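**Student:** Numbering follows the working numbering, in which position 110 of the sequence shown is assigned residue number 125; successive positions increment by one, without gaps. Beta carbons: idealized from backbone N, C-alpha and C, even for Gly. None of the values given here were measured: they were computed from a predicted structure. Here's a structure for you.
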Amino acid sequence: PQPRPLAGKRILITAGPTHEPIDPVRYIANRSSGKQGFAIAAAAQAAGADVILVSGPVDLDDPSGVTVKHVESARDMLQQVEASLPADIAIFAAAVADWRVANAGEQKLKKTGSGMPPLQLVENPDILATISKLGEKRPPLVIGFAAETEHLIDNARAKLARKGCDWIVANDVSPATGVMGGDRNTVHLLTRDGADINVDSWPVMTKEQVATELVARIASTVEK
Ligand code: C5P
């Protein structure tokens, strides 16, 4: 039988993009496929964890043995994440839209002949930062992602501090890498070590391999 190092642990994972409505038929989105978050959910389930996956709109099958909650917008995602606590470990792999449309139309917007409708954007809640800063309900291990197109490690270090999480998985998502929507990923794992930050750079791997490695690191940390 497979080893189940995460048996008895409850892991909450976010994945995919969010869709932010402009009107009933249009939305703002991004290129996230959800593959990395879904792979982590499957790997955590295989390691024996009790997994809750909160996913934005994706074109992927629900991983078997995982509780999946499907959401649309960032605000829905935050609500489902909060409702899914407590958890031992939380992994925020979703590419949450930073902004939503404040003046989304209740009816389909029409061309008027007098110019384009102005879209007013307001900031979405930061789910990772919100959960990292919770008091007693904060999961003991909170992991975020940093998808960057430049200054990867510096931006990831700053993000670790700003968001208040414990680990950051940093990845380069420049178009040339093919990471967004692709099957491979090159990641750097930043972990806090007291006041210091350790950086482990992993070779290019499939998203499944990244998931397996990450779950192995979690399992060895949880055991300590
Ligand atoms: O600030 P940035 O979007 O680059 O941070 C990325 C990390 O924060 C990811 O772990 C992502 O899932 C999380 N995040 C979030 N809610 C947001 C924005 C980002 O949970 N509104």
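1. Between the alpha carbons of LEU149 and ALA191, how many angstroms are there, rounded?
2. Identify whether ARG172 lies in helix, strand or coil by the three-state DSSP scheme.
3. According to DSSP, simplified to helix, strand and coil, what is MET220?
4. Among all residues, which have a Cβ less than 5 angstroms from at least one non-hydrogen atom of the ligand C5P, and in what chain order do they fall?
5. Measure from the alpha carbon of ILE26 to the alpha carbon of each residue in ASP74, VAL157 and VAL40, then state which is nearest.
6. What is the DSSP secondary structure of GLU228, reduced to helix, strand or coil?
7. Which same chain residues, not among the five before or five after GLN95, have their C-beta less than 8 angstroms away from its C-beta?
8. Could you pull out every residue in the same chain whose Cβ sits closer than 7 angstroms to the Cβ of TRP182, ignoring the five residues on either side in sequence?
9. State the Cα-Cα distance for the pair VAL73 and PRO16, rounded to the nearest angstrom.
10. When DSSP labels each residue in this structure, what does ARG46 get in the three-state scheme?
11. Using a Cβ distance threshold of 8 angstroms, determine whether the stretch 40-47 contacts the stretch 56-69, with at least three qualifying pairs required.
12. Classify ASN200: buried if its beta carbon has 16 or more other beta carbons within 10 angstroms, exposed otherwise.
13. So, with DSSP's three-state summary, where would you put LEU143?
14. Could you compute how far the alpha carbon of ASP91 sits from the alpha carbon of VAL40?
15. Let me know the secondary structure DSSP gives GLU151 once reduced to three states.
16. How would you call GLU238, buried or exposed, if buried means at least 16 neighbouring beta carbons within 10 angstroms?
17. Answer yes or no: do PHE107 and PHE160 have a C-beta to C-beta separation smaller than 8 angstroms?
18. For VAL137, which option in GLN51, ASP65, LEU175 and PRO36 has the closest C-alpha, if you only look at C-alpha atoms?
19. Applying the criterion that 16 or more other CB atoms from any shown protein chain within 10 Å of the CB defines a buried residue, is SER88 buried or exposed?
20. The alpha helix (DSSP H) with ARG115 in it runs from where to where?
21. Given a threshold of 16 other Cβ atoms within 10 Å of its Cβ, counted over all protein chains shown, does ASN213 qualify as buried or as exposed?
22. Which whole-angstrom value describes the C-beta separation of LEU229 and ILE55, a residue pair presumed to lie in contact below a C-beta threshold of 8 angstroms?
23. Is the beta carbon of VAL225 sitting closer than 8 angstroms to the one on GLN51?
**Tutor:** In brief:
1. 37 angstroms
2. helix
3. strand
4. PHE107, ALA109, VAL111, ASN139, ASP141, ILE142, LEU143, GLY159 and PHE160
5. VAL157
6. helix
7. VAL69, LYS84 and VAL86
8. ILE158, LEU204, LEU205 and THR206
9. 32 angstroms
10. coil
11. no
12. buried
13. helix
14. 18 angstroms
15. coil
16. exposed
17. yes
18. PRO36
19. buried
20. Counting along the chain, ARG115 falls outside any alpha helix (DSSP H), though it belongs to the beta strand (DSSP E) covering 114-116.
21. exposed
22. 6 angstroms
23. yes
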